[in-house]
């Protein structure tokens, strides 16, 4: 399905449209809504699922270059307003979890539960983020500057995302790596479920930090899974989601 949000053509999927309970799903970096469809088919039919392509991914157009997390949050808010969605579960994976957390802080009355799946909420400075910032002005992929082995040692996933992103996505990535929500986690007042893959090498150990710093939060660990359990172990993730949604 398609609509227009803030002048941007917006692509989204709706599953079980007649169900009364609403769940909005925000995908991760360089992914799209369609990648969540197989997982959603394993979930309860008592919920209506809205799977949104975030700007610059899937079938949704771009926002302005250098858009940041708050601008993505505003986009999601305007999208949910347009569809008249209220009192919904907001689920975010990776970058989508970063946007979902920001949304829950700013619009708590719209969200009845927050679900974070391997969420990229904490953005501390790392050698690779420093490199992205310093090299960005030269518009050169990191893979052309550093040996693959060194990239892997520093932070393989972020380097891969940057070097394989288009120009718009690179401009956004340079913004979101600076947006650290850790000082604001205590402001998340909605009930929160944190789901983490035990083998997540992209954002390791963050799940425990989140459950310790979000007031009403519970941690669910999926053993043997990495950063994208909806792709690698959908049934394990579905088993948890069926219990909490």
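Numbering (the numbering used here), first residue to last: 11 to 255. Note that the Cβ used here is the ideal one computed from N, Cα and C, for glycine as well.
State yes or no: is the C-beta of residue i within less than 8 Å of the C-beta of residue j?
| i | j | result |
| --- | --- | --- |
| residue 206 | residue 105 | no |
| residue 191 | residue 112 | yes |
| residue 181 | residue 75 | yes |
| residue 198 | residue 130 | no |
| residue 239 | residue 247 | yes |
| residue 3 | residue 183 | Residue 3 cannot be examined here, being either before or after the span of the chain that is shown, 11 to 255. |
| residue 80 | residue 58 | no |
| residue 63 | residue 42 | yes |
| residue 34 | residue 50 | no |
| residue 174 | residue 103 | no |
| residue 178 | residue 66 | yes |
| residue 223 | residue 196 | yes |
| residue 220 | residue 126 | yes |
| residue 116 | residue 15 | no |
Let me confirm a value: residue i is counted as buried when at least 16 other C-beta atoms fall within 10 Å, else exposed. Which label applies?
| i | result |
| --- | --- |
| residue 208 | exposed |
| residue 97 | exposed |
| residue 60 | buried |
| residue 22 | buried |
| residue 128 | buried |
| residue 108 | buried |
| residue 137 | Here residue 137 scores only 45 on pLDDT, less than 50, and its place in the model should not be relied on; the value that follows carries that caveat. Residue 137 is exposed by the Cβ-count criterion. |
| residue 147 | Reliability fails at residue 147, whose pLDDT of 44 lies under 50, so the model's placement of it is uncertain and the value that follows must be treated cautiously. So residue 147 counts as exposed. |
| residue 165 | Confidence is the limiting factor: at residue 165 the pLDDT is only 48, short of 50, which leaves the residue's position unreliable and the question unanswerable from this model. |
| residue 13 | exposed |
| residue 233 | exposed |
| residue 228 | exposed |
| residue 176 | exposed |
| residue 210 | buried |
| residue 1 | Residue 1 lies beyond the residue range present for the chain, which begins at 11 and ends at 255; the question has no answer from this structure. |
| residue 55 | exposed |
If you follow the alpha helix (DSSP H) that residue i is in, where does it begin and where does it stop?
| i | result |
| --- | --- |
| residue 178 | 177-186 |
DSSP puts residue i in a beta bridge; with which residues?
| i | result |
| --- | --- |
| residue 205 | 127, 230 |
| residue 242 | DSSP, once it has assigned bridges, lists no residue as partnering residue 242. |
| residue 31 | 57 |
| residue 13 | 20 |
| residue 255 | Residue 255 is not bridged to any residue. |
| residue 36 | 62, 102 |
How is the beta strand (DSSP E) around residue i delimited, first residue to last?
| i | result |
| --- | --- |
| residue 212 | No beta strand (DSSP E) contains residue 212, which DSSP labels as neither H nor E. |
| residue 22 | 18-25 |
Item to check | Every unbroken alpha helix (DSSP H) within the segment 40-128, with a cutoff of 4 residues, ordered by chain | outcome: 47-50, 79-92, 105-116
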